[in-house]
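Notes follow the structure.
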Amino acid sequence: RLLRIISMSGDSSLSEARQKPRLRGILAAAVVALSAGGCVDDLATSWQPEITRTVQQADSLKYFPSDTPYKLGVEHFNRGNFGIAEQYFRDAVEKAPKDAAVWIGLAASYDRILRFDLADRAYGRAITLKGETVQILNNQGYSYMLRGDLDSARRKFLKAAAIEPDNPMIRNNILLLDGSQRYIERDTAG
Numbered sequence: 026r027l028l029r030i031i032s033m034s035g036d037s038s039l040s041e042a043r044q045k046p047r048l049r050g051i052l053a054a055a056v057v058a059l060s061a062g063g064c065v066d067d068l069a070t071s072w073q074p075e076i077t078r079t080v081q082q083a084d085s086l087k088y089f090p091s092d093t094p095y096k097l098g099v100e101h102f103n104r105g106n107f108g109i110a111e112q113y114f115r116d117a118v119e120k121a122p123k124d125a126a127v128w129i130g131l132a133a134s135y136d137r138i139l140r141f142d143l144a145d146r147a148y149g150r151a152i153t154l155k156g157e158t159v160q161i162l163n164n165q166g167y168s169y170m171l172r173g174d175l176d177s178a179r180r181k182f183l184k185a186a187a188i189e190p191d192n193p194m195i196r197n198n199i200l201l202l203d204g205s206q207r208y209i210e211r212d213t214a215g
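Residue numbering for the sequence shown follows the working numbering, starting at 26 and increasing by one per position.
Structure (structure tokens):
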């Protein structure tokens, strides 16, 4: 019935200026008639639960739906492009500020570009979100080692080793730290 009404509005004898308001009036009347018949109300009711579920899912999402900046940050970090990795991790942090892994990646990138002040802030944020995990303690130890603060590095590595004594990465970092310590002792003695 709606199509028949619309096709009748195309009367060529009417001027174009009169056709548009007339067509709008006919369409408005058709929408009112449909809603009175229950079609529009049924449609709204059928969609409402879907909208409610979507809102509930959005509230419970842990991460931003697109983790592309994080993935690109990891990729560039692994390639040694630490400045580019830092940019991607910074973008990821803006999109997913409650994701500790993103903060850890950002902190590690800051370490590699020697921005230790920013690395400390990013590690602090990751600890706030996740606590002092083995990964964070190990990364902080490595950060202190890069700075030349070997005593702080050792404390972080030993704290991580106390939680996970068989972790090969922590053992390797302690060996690396011991090698650095011996080199410094040899260098100052000679």
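Every residue gets a Cβ at the ideal spot worked out from N, C-alpha and C, and that includes glycine.
Exclusion of the five residues before and after L171 leaves D136 as the residues of its chain whose Cβ lies within less than 7 Å of its Cβ.
DSSP places K184 inside the alpha helix (DSSP H), whose first and last residues are L175 to I188. Exposed is the label assigned to L139, since fewer than 16 other Cβ atoms lie within 10 Å of its Cβ.
Assignment of D142 by DSSP, reduced to helix, strand and coil, places it in the helix class. Note on geometry: alpha-carbon atoms of K184 and Q112 lie some 30 Å from one another. For S134, the secondary structure class from DSSP, reduced to helix, strand or coil, is helix. By the neighbour-count criterion, in which 16 or more other beta carbons inside 10 Å mark a residue as buried, A187 falls on the exposed side.
In this chain, P122 is not harboured by any alpha helix (DSSP H), its DSSP state being neither H nor E.
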